[in-house]
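By the count of the working numbering, the sequence shown reaches residue 409 at its end, each step adding exactly one. By construction, the Cβ of each residue, glycine as well, lies at the ideal position given by its N, Cα and C atoms. Remember, predicted model here, so these are calculated numbers, not experimental data. Here's the structure, in structure tokens; my notes come after.
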Amino acid sequence: MSGLSEIIDEVLSLVKTSRIFKDRKILLPDYVPDELPHREEQIRKLASILVQVYRGEKPSNVFIYGLTGTGKTAVTKFVLNNLHKRFPDTFRYIYVNTRNSDTPYRILADILEGLGVRVPFTGISTAELFKRLMSQLRSIKYVLIIVLDEIDAMVKKHGDDLLYRLTRVNSELGSPKISIIGITNDVKFIDTLDPRVKSSLSDEELVFPPYNADELRDILWRRAKSGFVEGAVGEDVISLCAALAARDHGDARRALDLLRVAGEIAEREGRNVVTTADVERARLEIERDRVFEIVTTLPLHSKLVLLAVIQGSKSGKSLTTGEVYELYTKLAKSLGLEVITQRRVSDILNELDMVGILSAKVVNRGRYGKTKEVKLAVPVETLVKALDSTVKELDGI
Ligand SMILES: Nc1ncnc2c1ncn2[C@@H]1O[C@H](COP(=O)(O)OP(=O)(O)O)[C@@H](O)[C@H]1O
Ligand SMILES: [Mg+2]
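If you want it as structure tokens, here you go:
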């Protein structure tokens, strides 16, 4: 036996004999489980809308919304998979996540590829792609359901033109062949659409409420039974993951992440039981990774604004937008950079608030008018670590 295959065997045997995980992939966010407790109502409603396909008829368009981790993607895939198994000839569906495929070109290319048409990465226009899609759709003999997940991501960048065109396809074809399922985490998003697109997309609407702690516990137990070795996780661990995620707007993804990462920590340390202390460590690890990811991918001036807030927060007090702007200006100038406007800095503060790095609250100061109170929302050490690479990058300027 060669050295390498011995090593591989050894690693495999380690992986196989994990004393924590029976099947780790069951705990990954993209895995679609074969049961989705506490979503019976949404499953029933979606299925009853889509079941039209059984006789080759186009179902209504559906618009689905709810906060992240409320099961929108999982339920949609689950219902479509099951329907497709039952009626393989009368309909097909194509799933596109517009956060990944975030241009009209990429979305059309994904749809065409789903129909078996190869599309070059660049070189043709979006208009030409649309033409190809239309000609392809003319020839199909089944109903096509197009799922546009996280649809707000694309529309925020590129407007709702493509959506408008897609909602018009059936009348252009002269026969109803496609249905659209739009999904968004942003509950206010639908009101930003062109009224014609809005009314067409939301023939039917489906709302996904957040899960409460009991529901999350139930969801976690069922996933844990197939994902973990028996006895590796107990009631206390599941309850803590559920409670933490319930506090965080009832997000099942977060609950599963906590459980999986806690399991990974225990496994890394060669233990066979996951503890609540592992969950606490998992929480910190996940938070750190999230902050790191956000901070390292911020544009340069957003990083400078963040640095300015860190500088100004040393005394522990909150800052006004004006104070942040002053600090930011000093920083930018000292680096010989052109300064952006206070308006833009104020927008950046809002963006950093939205992703949970800062809190920027508008407060009314009576006759002094309104101002923002800016504070850090995550531990400064985490931010500094994430900004470390930036500081090196800035040194090079
Ligand atoms: N009712 C449920 N039962 C089991 N797992 C669930 C349930 N709801 C959500 N999940 C899981 O939680 C994670 C997040 O769900 P997802 O459908 O991606 O949420 P959303 O699309 O609303 O952000 C996925 O791993 C999914 O499988
Ligand atoms: Mg989703």
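Kindly indicate which three-state DSSP category residue i falls into: helix, strand or coil?
i: aspartate 198; result: coil
i: glycine 78; result: strand
i: asparagine 109; result: strand
i: aspartate 161; result: strand
i: leucine 310; result: coil
i: arginine 104; result: strand
i: isoleucine 192; result: strand
i: phenylalanine 304; result: helix
i: leucine 347; result: coil
i: valine 209; result: helix
i: leucine 399; result: helix
i: leucine 331; result: strand
i: leucine 39; result: helix
i: proline 413; result: Nothing about residue 413 can be read from this structure; the chain reaches only from 13 to 409.
i: asparagine 362; result: helix
i: arginine 356; result: helix
i: glycine 68; result: coil
i: glycine 135; result: coil
i: aspartate 46; result: coil
i: glycine 15; result: helix
i: leucine 127; result: coil
i: serine 321; result: A small correction: the amino acid at residue 321 is valine; serine does not occupy that position in the sequence shown. In this structure, valine 321 counts as helix in the three-state DSSP scheme.
i: threonine 288; result: helix
i: arginine 283; result: coil
i: arginine 51; result: coil
I'd like to confirm the pairing. Which residues does DSSP put opposite residue i in its beta bridges?
i: serine 371; result: Lys387
i: asparagine 376; result: Lys382
i: phenylalanine 33; result: Phe240
i: valine 155; result: Phe103
Counting along the chain, where does the alpha helix (DSSP H) carrying residue i start and finish?
i: valine 219; result: Taken as a continuous stretch (DSSP letters only), valine 219 belongs to no alpha helix (DSSP H), being part of the beta strand (DSSP E) at 216-220.
i: glycine 275; result: 264-280
i: leucine 149; result: 138-151
i: lysine 231; result: Reading the sequence as shown, one finds isoleucine at residue 231 and not lysine. 225-239 is the span of the alpha helix (DSSP H), which, as asked, contains isoleucine 231.
i: leucine 92; result: 84-98
i: threonine 179; result: 173-185
i: glutamine 64; result: Looking at the DSSP string, glutamine 64 is not in any alpha helix (DSSP H), and its letter there is neither H nor E.
i: serine 251; result: 247-259
Check whether the Cβ of residue i sits closer than 7 Å to any heavy atom of ligand 4, and report yes or no.
i: alanine 264; result: This structure simply doesn't include ligand 4; it includes ligand 1 and ligand 2 instead.
Check whether chain D comes within 8 Å of residue i, counting only Cβ atoms and requiring the distance to be less than that.
i: glutamate 247; result: Absent from the structure: chain D. Only one protein chain is present.
(request) Can you list the residues near ligand 2, meaning Cβ strictly closer than 6 Å to any non-hydrogen atom, in the order they appear in the chain? (result) Lys84, Thr85, Asp161
(request) Flag this pair as touching only if the region 194-207 and the region 69-83 have three or more C-beta atom pairs under 8 Å; answer yes or no. (result) yes
(message) Contact between the region 245-257 and the region 205-216 is defined here as three or more beta-carbon pairs at a separation below 8 Å; is this criterion met?
(response) no
(request) Take every Cβ of the region 265-277, pair it with every Cβ of the region 286-294, and state whether three or more of those distances are shorter than 8 Å. (result) yes
(message) Can you confirm whether the region 84-97 touches the region 114-130 when touching is taken to mean that 3 or more C-beta pairs between the two stretches lie within less than 8 Å?
(response) no
(message) Any contact between the region 105-119 and the region 167-176? By contact I mean 3 or more CB pairs, one from each, below 8 Å.
(response) yes
(message) Check whether the region 147-167 and the region 98-113 touch, using three or more Cβ-Cβ pairs below 8 Å as the test.
(response) yes
(request) Count the CB pairs spanning the region 34-46 and the region 174-185 that are closer than 8 Å, and state whether there are at least three. (result) no
(message) Would the region 303-310 count as touching the region 363-372 if we require 3 or more Cβ pairs under 8 Å?
(response) yes
(message) With three or more beta-carbon pairs closer than 8 Å as the criterion, would you say the region 61-71 touches the region 251-269?
(response) no
(message) Can you confirm whether the region 345-352 touches the region 371-384 when touching is taken to mean that 3 or more C-beta pairs between the two stretches lie within less than 8 Å?
(response) no
(message) Any contact between the region 224-238 and the region 43-51? By contact I mean 3 or more CB pairs, one from each, below 8 Å.
(response) yes
(message) Would the region 382-393 count as touching the region 329-337 if we require 3 or more Cβ pairs under 8 Å?
(response) yes
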